Amino acid sequence: MDLIGAPLDRVDGRLKVSGAAKYAAEYSLPNLAHAHVVQSSIARGRIREIDTSAAISIPGVLDVITHRNAPKLYPIQSNPSSRPGQTYLVLQDDQIRYYGQHIAIVVAESVEQAQHGAESMRIEYFEEEADTDLIHAHNQIFKPKRITTINAPPVDSSRGDVRGGLRQASAKLDLTFTTAIENHNALEPHATIASWDGDELTLIDSTQWVIGTRNLVATNLGIAPERVRVISPFVGGGFGSKGNPWPHPTLAAVAARHVNRPVKLVLSREHMFSQVGHRPATIQQMELGADQDGRLTAISDRVTSGTSQFDDYVEAAGTTARVAYSCANVETTHRLVRLDVNTPCPMRAPGEAVGNFSIECAMDELAYATGLDPLEIRIRNYADRDEDRDKPFSSKSLRGCYAVAAERFGWRSRPSASGSMKAGNLKIGWGMASAIFTAKLSKASARVTLEPDGSVIVSTASHDIGTGTYTSLAQVAADELRVPVSRIRVNLADTFLPEAPASAGSQTSGSVGSAIVLACRDALRRAQTSVPGEPIEAEATWTPADIQERAWSSYSFGAHFCEVAVDEDLGSIKVRRWMAAFAAGRILNEKTARSQLVGGIVWGIGQALLERTIYDSSSRIVNRNLADYLVPVNADVPPIEVILIPEADTLVNPAGAKGLGELGICGAAAAIANATFHATGIRVRDLPITHERIRSVRLFPVS
Ligand code: MOS
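Sequential numbering from 571 applies to the sequence shown in the working numbering.
Written out as structure tokens, the structure is:
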């Protein structure tokens, strides 16, 4: 009875399609009041006047909270138990530090009254010139002290002699890649319901990290974490924007205190563009050198990204070039530029999605420069070990991914010259790219209870952020205990349950899965000596070895192959076909795994062709809605085939899972950019590759 990997339907599928699965904003409590936030309409300056009288006089409005009457909040710094989205505390002073900063909360009997109140606020500013454009910003570039994401990679890296490697190269490339600001745009808006019972606070919140949210809110309010309970039973997508907790759960708690009633605070789509993080814009200067056989002699990747005026968030794109290929001479750097925007945050495959784009496009360019097939040049530069950390990989089945996906795609019949495939007025191109994503691991705990009636309860403060965790973790327990999945109930996302890390960084299967494996094994041991008729309870914590101490290095891998059709007159790029293969250790559920990978590829289509957050000359966000911020719709997405390459990894963790939630987007945008070049001979190194970009190159060829 091998239950692991079986493509089981989601155990919560029926609840979801019938609307019975409740998301944070769908809860109601007796005597519930509603809050609506007011955001700044300038990007930099001070509040000159904030007149709440009109808002207060609206029937149903209960209170308006601004920096003038908000309670003192206490700051929190980034640490493993809470990485706040921003350290800047809102509603504490008259400063405006980014467009769309929360500057007031209106609390009312109804949502409509709260919104009406928010619209009735009269606010005047002292406005200052702001910088929001990475490329044209006036501020100095600086070196950050550290990278704060899970597994915290070093800021810079260097091995060998890059200048020497470039001197001996027979093919040299010096390329600049740029990528746009993107917003996560989870379908479910961020929302919190706060209710006080004496000095005990309960938050129903949409979060990827109940423990982190609890720790932030408790610190902000100056109360003990034990006084705060956070639950988040269902989450309608987060993609990183709900991983680092933002100010609104604290504001909901403040509002509930002010009106002495439970308060529901739901952010609007527009609010989310400025207040729950974004993927920052990046500039990557990448130099590659190769000998006449196409073997890399040097890689240099210098990354610059934007951050806020008060936090140093690093988009760690250079980490990919450190390990993706075998090369003796590699250097990578990360630098920041301060902008008048809120702090960026992880967004699906933070750093690595952008890093995969640049190295995978650069490798494609190197293939043309050396006259090699794009797949062949990757195989010639295959890294058999992690040359950055000088350790073996815990597992790596990338060769298998290349072979199987290339065969199924029909890559062998690809004509090597660009512009050689046509269909009517369309130019057809085939492109490929590798995918690599760090296996991130954190300490996690879980409790397993064997009930006398044969049912099993698995409890952990992890989350199902739409990924299928309720199902896949039940399969882990079913497999260890050798009982049917139907007998397992999984309880998640409650700070009263055993601690689990943020459901981010694709770390849940490996980290929480391992805690469940250990708890199940302990429960079975206890069962041998237990009293019949009594429940058996076992709780376990799995702690990964410190990353420096590990004898191995761990990444998930994959390979993308795609076909595009380009209409050069219209500038449109249509992705027509996709074949990808991935290897990520043990797959817990083939169906949910496949969904994650397909979803990641769809994100790659968005990143390649559509997504960008646009600021106008006054530093306001122009396209802060889903009509103007473009994401792929069904018509943009071709049939996507995903092949899972079987892989056993006995080193990475007891669950054997390396994670794949963020693997699918890695390399996907590069495959599209490379296919576009193959179709047209037009090389675009700036994302997204818009219609206008293709048309302008076509109409005004430069070289
Ligand atoms: Mo993720 S971007 O670490 O939720």
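Each residue gets a CB set at the ideal place from its N, CA and C atoms; glycine is no exception. Fair warning: this is a prediction, and the values are worked out from it, not measured in the lab.
Task: Best match in Y883, V1028 and N1244 for proximity to Q647 [C-alpha to C-alpha] - done: One-based indexing of the sequence shown puts residue 647 at position 77. Taking only the C-alpha atoms, the option nearest Q647 is Y883.
Task: Presumed contact (8 Å Cβ cut-off) between E1181 and P1068, rounded CB distance - done: Taking the sequence shown and counting its residues from 1, one reaches residue 1181 at position 611. Taking the sequence shown and counting its residues from 1, one reaches residue 1068 at position 498. In fact, because the Cβ distance is near 37 Å, the residues do not count as touching under 8 Å.
Task: Bridge-paired residues (DSSP) for T903 - done: Here residue 903 corresponds to residue number 333 of the sequence shown, with the count starting at 1. DSSP lists R872 as partners of T903.
Open item on the list: To the nearest angstrom, how far is the alpha carbon of V1288 from that of A1048?
Closed with: Here the chain comprises residues numbered 571 to 1273, so residue 1288 is not present and cannot be evaluated.
Open item on the list: Can you tell me whether N1204 is helix, strand or coil according to DSSP?
Closed with: Within the sequence shown, numbered from 1, the residue matching residue 1204 stands at position 634. Three-state result, N1204: helix.
Task: Own chain residues within Cβ distance below 7 Å of A826, not counting five before or after - done: Within the sequence shown, the letter at position 256 stands for residue 826. Closer than 7 Å at the Cβ level, and outside the excluded window around A826, lie A764, S765, W766, P832 and V833.
Open item on the list: For G1231 and V836, I'd like the C-alpha separation in whole angstroms.
Closed with: Here residue 1231 refers to the residue found at position 661 when the sequence shown is read from its first residue. Here residue 836 refers to the residue found at position 266 when the sequence shown is read from its first residue. Each residue's Cα considered, the two are about 26 Å apart.
TODO: Could you spell out the range, first to last residue, of the beta strand (DSSP E) harbouring W1000?
DONE: Within the sequence shown, residue 1000 is the residue found at index 430, counting from 1. Looking at the DSSP string, the run of the beta strand (DSSP E) that includes W1000 is L996 to T1008.
TODO: Identify every residue that forms a DSSP beta bridge with V833.
DONE: Walking along the sequence shown from the start, residue 833 turns up at place 263. A603 and A764, per the DSSP bridge assignment.
Task: Residue burial classification, Q1118 (beta-carbon count within 10 angstroms, cutoff 16) - done: Within the sequence shown, numbered from 1, the residue matching residue 1118 stands at position 548. Exposed, by the Cβ-count rule.
TODO: Check each candidate in S1012, P962, M842 and S727 and name the one with the smallest Cα separation from C915.
DONE: Here residue 915 is taken as the residue at index 345 of the sequence shown, counted from 1. Here the closest residue by C-alpha is M842.
Open item on the list: Can you give me the C-alpha to C-alpha distance between A576 and I1215, rounded to a whole angstrom?
Closed with: Translated into positions along the sequence shown, residue 576 becomes position 6. Translated into positions along the sequence shown, residue 1215 becomes position 645. About 14 Å.
Open item on the list: the ligand MOS and A1074: does the residue's C-beta get closer than 7 Å to at least one heavy atom of that ligand?
Closed with: Numbered from 1 along the sequence shown, position 504 holds the residue referred to as residue 1074. True, at least one ligand heavy atom lies under 7 Å from that Cβ.
Task: the stretch 919 to 927 / the stretch 996 to 1010 touching (three or more Cβ pairs under 8 Å) - done: yes
Task: C-beta contact flag for G864 and L942 at 8 Å - done: The residue labelled residue 864 in the question sits at position 294 within the sequence shown. The residue labelled residue 942 in the question sits at position 372 within the sequence shown. A contact, by the Cβ cut-off of 8 Å.
- [ ] Under 8 Å by Cβ, that's how I've got V660 and V608 pegged, so tell me the actual separation to the nearest angstrom.
- [x] Translated into positions along the sequence shown, residue 660 becomes position 90. Translated into positions along the sequence shown, residue 608 becomes position 38. Not quite, the Cβ-Cβ distance comes to about 11 Å (not below 8 Å), so this is no contact.
TODO: Kindly indicate which residue of G589, P1114 and L866 has the alpha-carbon position closest to the one of V1082.
DONE: As a first step, residue 1082 is located in the sequence shown; it is residue number 512 there, counting from the start. Comparing Cα-Cα distances from V1082 to each of G589, P1114 and L866, the minimum goes to P1114.
Task: A1205 burial status per 10 Å Cβ neighbour count (16 or more: buried) - done: Counting from one through the sequence shown, the residue named residue 1205 turns up at place 635. A1205 is exposed by the Cβ-count criterion.
Open item on the list: Just to confirm my understanding: we take G1141, look at its own chain, exclude 5 residues before and 5 after, and list those with CB closer than 6 Å. What are they?
Closed with: As a position in the sequence shown, residue 1141 is number 571, starting the count at 1. Result list for G1141: H1261, I1264 and R1265, in chain order.
TODO: Let me know the beta strand (DSSP E) ranges lying completely inside the stretch 690 to 720, each 3 residues or longer, listed in chain order.
DONE: 692 to 697
Open item on the list: Please tell me whether R638 and Y695 are closer than 8 Å, where the distance is taken between their beta carbons.
Closed with: In the sequence shown, the residue the question calls residue 638 occupies position 68. In the sequence shown, the residue the question calls residue 695 occupies position 125. Against a cut-off of 8 Å, the Cβ pair of Y695 and R638 comes out as no contact.
- [ ] Please indicate yes or no: does the CB of M842 lie closer than 7 Å to some heavy atom of the ligand MOS?
- [x] For the purposes of this step, residue 842 is taken as the residue at position 272 of the sequence shown. Between the ligand MOS and M842, a heavy atom-to-CB distance of less than 7 Å is absent.
Open item on the list: Taking 8 Å as the threshold (C-beta atoms), are Y593 and F804 in contact?
Closed with: Position 234 of the sequence shown holds residue 804. Position 23 of the sequence shown holds residue 593. Yes; because the gap between Cβ atoms is below 8 Å, this pair is in contact.
TODO: Spell out the partners DSSP gives R955 in its beta bridges.
DONE: Looking up residue 955 in the sequence shown gives position 385. Looking at the DSSP assignment, R955 forms a beta bridge with P962.
Task: Between the CA atoms of V1212 and A939 - distance to the nearest angstrom - done: Translated into the one-based positions of the sequence shown, residue 939 becomes position 369. Translated into the one-based positions of the sequence shown, residue 1212 becomes position 642. Looking at the two C-alpha atoms, the distance is approximately 30 Å.
Open item on the list: Between Q662 and the ligand GDP, is there a pair consisting of the residue's CB and a ligand heavy atom that are separated by less than 7 Å?
Closed with: No copy of the ligand GDP occurs in the structure displayed; its ligands are the ligand MOS alone.
Task: Beta-carbon contacts of H1248 that lie in its chain and below 6 Å, excluding the five residues immediately before and after - done: Within the sequence shown, residue 1248 is the residue found at index 678, counting from 1. Result list for H1248: S988, G999, W1000 and G1001, in chain order.
Open item on the list: By the DSSP assignment, the beta strand (DSSP E) with Q854 in it spans what residues?
Closed with: The residue given as residue 854 occupies position 284 in the sequence shown. That run of the beta strand (DSSP E) goes T852 to A860.
Task: Rounded separation between A794 and R692 - CA only - done: Here the question's residue 794 lines up with position 224 in the sequence shown. Here the question's residue 692 lines up with position 122 in the sequence shown. Approximately 37 Å, taken between the alpha carbons.
Task: Residues sharing a beta bridge with C1132, DSSP - done: Taking the first residue of the sequence shown as 1, we reach residue 1132 at position 562. Beta-bridge pairing links C1132 to G1001 and W1148.
Task: Beta-ladder partner(s) of F747, from DSSP - done: On the sequence shown, residue 747 is found 177 positions in, with the first residue counted as 1. F747 pairs with Q854.
Task: Three-state secondary structure assigned by DSSP to G575 - done: What you label residue 575 is simply residue 5 of the sequence shown in a count that begins at 1. Of the three classes helix, strand and coil, the one that applies to G575 here is strand, per DSSP.
Open item on the list: the ligand MOS and V827: does the residue's C-beta get closer than 7 Å to at least one heavy atom of that ligand?
Closed with: Translated into the one-based positions of the sequence shown, residue 827 becomes position 257. According to the sequence shown, residue 827 is Arg rather than Val. For the ligand MOS, not one heavy atom lies less than 7 Å from the Cβ of R827.
TODO: Quick one: using the 10 Å Cβ neighbour count with 16 as the cut-off for buried, is R984 buried or exposed?
DONE: Indexing the sequence shown from 1 puts residue 984 at position 414. R984 should be labelled buried.
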